[in-house]
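Residue 532 is where the sequence shown ends in numbering that gives the first Met the number 0, and the numbering goes up by one at each step. In what follows, a single structure is set out as structure tokens and then discussed.
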Amino acid sequence: MLERHRVRRLRAGLLALTAAGGLLLTGCSGSDDGGHGYSSDNSNKSGGYAPGPAPAPDEQSGEQWGEDTGEQRGDTSREFAPSPDYLSTFALDVDTASYGYARRTLAEGNTPDPSTIRPEEFVNSFRQDYRRPDGDGFSVTVDGARTAGPDSGDWSLVRVGLATRPQEDESERPPAALTFVIDISGSMGEPGRLDLVQDALDAMTERLRDNDSVAIVTFSDEAETVLPMTRLGGHRDRVHDAVDALEPTDSTNLGAGVEIGYATAVEGLREGATNRVVLLSDALANTGDTDADTILERIAGARREHGITLFGVGVGSDYGDALMERLADKGDGHTTYVSTEDAARTLFSEELPRTIDLTARDAKAQVAFDPETVAEFRLIGYDNRQVADEDFRDDRVDGGEVGPGHAVTALYAVRTRPGASGHLATATVRWLDPDTRTPHEESGDLEARALHDDLWTSPEGLRVAAVAAYFADALRQGDSRGHSQSDSRGALPGRPSLRQLADRAEELARDREDKDLRGLAEAIAAADRRYPD
């Protein structure tokens, strides 16, 4: 045990040194996408122009179409309901777990289950250099490009980018009170699960400030608090000792872990601090409550009264993706997935820190397409994040929680009317101040004439988003072939083959010198080997 403890301390030190250039509890700043395309940022702080909500259809899916009429076209096998209006409304989401898990599955020579593919999480796994706002809140960037290919018709991909200002100084953030809920069931004994969690927590313990606090809850067939909320100043060894003592055993009562985790967080609640529960698990619940709604109902009071949100970190080659994703969505939080030390380093030096503080609560976006220029549209992904159009300004309806330095991207497939050149769309984001709950809004516009003529010569960030979305679409469709135009089954317009997509990703990786994009190229190439031509 002592030798393992020393090894972990050494590895934690190396992780901290490697990531020393990063900001701990702040996000990463970015610059504008080179000024390409058309983008407008109009301040509408609780007033000014914003599209008026229209009645929502009785039922919508995440991949939503809007058309000239509310009538469904001839093919009754369509997987989505047509929208009778030109509004699209959804809660913001910065999850990335779907992409991470798909990448690991492909690297192991397996084919991802299409039900685990969430396109927005692929798109939001890669850096976007949107212009950042000068103050609190969001900037809104809207651009797009025509899809390639002789049969692409009047289809375009339209990108809506929302970004918050990064914290320039770590001292800007309040102290953190983090309750780590750690799965120590037997399945966590597989390499790359509990050992990865332990190394990452050792590293983060060294990076947190003296005024931050940490509690640790473990669960297998039962749950217990092994470390109550503890200030780190002078007590880091207590955290290291608790982490190093973890051993896998028994079954997975995830519901008990979440319940005891929230009870521990409430008991150690710090006024003026950012209070979070961080769940680290393979989410393979097999004992006790295994339904996300039931689990969250048991801790509903702690979530609502104290505003304690849930951040889910998934691990393991077998991973309960659906349960973890639903827990995070319903728990007003986020999910990510890690399978390597490198990914864990990124998580604990960048992704997790960005979720600790909050810039916005219950953030929602609504995009209003102009019927004079748009024949139909489709939101790519956000299946579980749809919001009824009339609820956009109902602040009792849950949205997404967004931290400093975050960027959120939504892509639409849009078919414009022949010769359209006027106003195409207005995107509006609405959020509540995390302290005062005061609502604010920002909007941005796009003109049809500002669409780039060719997607593959458009701004770099738009191409990155397109490659990620096309890749997710191919995995959902279960084939490697490209489609020149959108069809009723949901294939995206202008989708290249996987082989062509891998080349696009490799080109972007070279241009950016970006290891994340190189990993995307490798994942696409692996998928190309798995699917028939």
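Note that the Cβ used here is the ideal one computed from N, Cα and C, for glycine as well. Every value quoted in this text rests on a predicted model; they were computed, and no experiment measured them.
Query: Taking only heavy atoms of the ligand SAM into account, decide whether any of them is closer than 7 Å to the Cβ of P227.; Result: The ligand SAM is not part of the structure shown, which contains no ligands of any sort.
Query: Just confirm the distance between the C-beta atoms of V471 and F121, as a whole number of angstroms; I'd bet it's less than 8 Å.; Result: The residue you asked about is not Val; residue 471 is Ala in the sequence shown. About 4 Å; that satisfies the 8 Å criterion.
Query: Exposed or buried, K514, counting other C-beta atoms within 10 Å across all chains shown (16 or more means buried)?; Result: exposed
Query: So I307 and A264 are in contact, right, with Cβ under 8 Å, and what is the actual spacing, rounded?; Result: 5 Å
Query: Using the DSSP secondary-structure output, state which residues sit across from G154 in a beta bridge.; Result: Just to set this straight, residue 154 is Trp in the shown sequence, not Gly. In the DSSP output, where bridge partners are listed per residue, W154 has R414.
Query: Check the C-beta distance from A176 over to N274 and give it rounded, since I have them as a contact under 8 Å.; Result: 5 Å
Query: Tell me which same chain residues have a C-beta within less than 6 Å of the C-beta of D331, skipping the five on either side of it?; Result: T308, E400
Query: Let's see if you can read the secondary structure: which residues bound the beta strand (DSSP E) around P438?; Result: 438 to 446
Query: Is it buried or exposed, H405, if we count other Cβ atoms within 10 angstroms and call 16 or more buried?; Result: buried
Query: Going by DSSP in three states, D365 sits in which element: helix, strand or coil?; Result: For the sequence presented, residue 365 should be read as Gln rather than Asp. Reduced to three states, the DSSP call for Q365 is strand.
Query: So, under 8 Å CB-CB, A147 and D510 are touching, yes? Tell me the CB distance rounded to an integer number of Å.; Result: Not really, about 18 Å apart at Cβ, beyond 8 Å.
Query: State the DSSP-derived secondary structure class of D292, mapped to helix, strand or coil.; Result: helix
Query: Can D112 and Y381 be called in contact, C-beta distance under 8 Å?; Result: no
Query: Thinking C-alpha only, which one of Y98, E304, Y100, A449 is nearest A262?; Result: E304
Query: Going by Cα to Cα distance, which pick from L200, T251, H239, L207 is closest to A222?; Result: T251
Query: Please classify E258 as buried or exposed, where buried requires at least 16 other C-beta atoms within 10 Å of its C-beta.; Result: buried
Query: Hey, R158 and D182: beta-carbon distance below 8 Å or not?; Result: no
Query: Between which two residues does the beta strand (DSSP E) carrying R172 extend?; Result: Run containing R172: none; DSSP gives neither H nor E here.
Query: Please classify P495: is it buried, with 16 or more other beta-carbons within 10 angstroms of its beta-carbon, or exposed?; Result: buried
Query: On the three-pair Cβ rule with 8 Å, is the stretch 204 to 215 touching the stretch 283 to 290?; Result: no
Query: Pull up the DSSP beta-bridge partners for T251, would you.; Result: Answer is none; T251 lacks a bridge partner.
Query: For A162, does the three-state DSSP call read helix, strand or coil?; Result: strand
Query: If we count the other Cβ atoms within 10 Å of its Cβ and call it buried at 16 or more, is N109 buried or exposed?; Result: exposed
Query: Work out the CA separation of E107 and Y85 for me, nearest whole Å.; Result: 42 Å
Query: Is E296 buried or exposed, if buried means 16 or more other CB atoms sit within 10 Å of its CB?; Result: exposed
Query: Rounded to the nearest angstrom, what separates D317 and P190 at their Cα positions?; Result: 12 Å
Query: DSSP beta-bridge partners for G311?; Result: L278, T334
Query: Could you tell me whether any Cβ in chain B is nearer than 8 Å to the Cβ of I181?; Result: Among the chains of the structure shown, chain B does not appear; only one protein chain is present.
Query: Can you tell me the Cα-Cα spacing of D194 and T95, whole angstroms?; Result: 22 Å
Query: Just the C-alpha distance for L440 and A101, rounded to the nearest angstrom, thanks.; Result: Position check: residue 440 holds Glu in this sequence, whereas Leu was assumed. Those two C-alpha atoms are separated by around 35 Å.
Query: Rounded to whole angstroms, what is the Cα-Cα separation between L322 and A272?; Result: 28 Å
Query: Would you kindly check if the distance between the Cβ of D135 and the Cβ of T358 is under 8 Å?; Result: yes
Query: Could you compute how far the alpha carbon of E340 sits from the alpha carbon of T204?; Result: 16 Å
Query: Rounded to whole angstroms, what is the Cα-Cα separation between L450 and T104?; Result: 36 Å
Query: Whose C-beta lies closer than 6 Å to the C-beta of G319 among residues of the same chain, with five residues either side of it excluded?; Result: A282, L283
Query: Whole-angstrom Cβ separation of V544 and T345, contact assumed at under 8 Å?; Result: Past the boundaries of the shown model lies residue 544; the chain is included only from 0 to 532, so the question cannot be answered.
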